[in-house]
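Enquirer: Below: one structure in structure tokens.
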Amino acid sequence: MKIYSFRKEEGKKITKYDSNFIMSRIIQSEKPVHVGCMHLEENGVIGYHQAVLPQLLLIMNGEGFVRGEREEYIKVQSGDAVFWEKDEWHETKTDLGLTAIVISEQLHPDSFMALRNN
Numbered sequence: 336m337k338i339y340s341f342r343k344e345e346g347k348k349i350t351k352y353d354s355n356f357i358m359s360r361i362i363q364s365e366k367p368v369h370v371g372c373m374h375l376e377e378n379g380v381i382g383y384h385q386a387v388l389p390q391l392l393l394i395m396n397g398e399g400f401v402r403g404e405r406e407e408y409i410k411v412q413s414g415d416a417v418f419w420e421k422d423e424w425h426e427t428k429t430d431l432g433l434t435a436i437v438i439s440e441q442l443h444p445d446s447f448m449a450l451r452n453n
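Right under this line is the structure:
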């Protein structure tokens with residue numbers, strides 16, 4: 336399991352075409368990609384299971400805890416991106432609720448995002 340950051344501070348200012356915004360790059364794929372939005376309510380959980388494909392979980396709102404194969408939970412919050420390799424066991428849970436975007440396919444987030452400083 337790796338945890339990346341896509342917070343504003345990690346982004347690049349874009350001014351092309353008279354634009355004025357910050358872009359935090361996340362991923363690029365040449366293959367079909369599955370993208371979904373997960374809404375975990377208070378005390379929600381995505382149970383312990385193996386990743387069928389490499390999977391990137393982008394925490395958009397709220398906070399929670401993730402773990403890989405070890406029973407050590409790591410706190411995540413808005414702006415964090417958690418990456419699990421294919422076949423890696425993992426779990427996500429929240430006390431207060433969280434919303435996350437999940438992207439799965441042959442992913443290589445190292446090319447676009449910096450690892451989060453813990």
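Residue numbers (the working numbering): 336 to 453.
Glycine is no exception: its CB is placed at the ideal position from the N, C-alpha and C atoms.
#1: Within 7 angstroms of any Cβ in chain C, is that where the Cβ of Arg360 sits?
#2: Could you pull the start and end residues of the beta strand (DSSP E) that Ser340 belongs to?
#3: When DSSP labels each residue in this structure, what does Tyr383 get in the three-state scheme?
#4: For Gln385 and Glu423, which I take to be in contact (beta-carbon distance under 8 angstroms), what is that distance rounded to the nearest angstrom?
#5: Can you grab the Cα-Cα spacing for the pair Gly399 / Tyr339, in whole Å?
#6: Under 7 angstroms Cβ to Cβ from Glu388, same chain only, skipping five residues before and after it: list those, please.
Expert: On the basis of the coordinates in this document:
#1: Checking the listed chains, one finds no chain C in this structure; it contains a single protein chain.
#2: Lys337 to Ser340
#3: strand
#4: 7 angstroms
#5: 15 angstroms
#6: What sits at residue 388 in the sequence shown is Leu, not Glu. So the qualifying residues of the chain are Lys421, Ser439 and Glu440.
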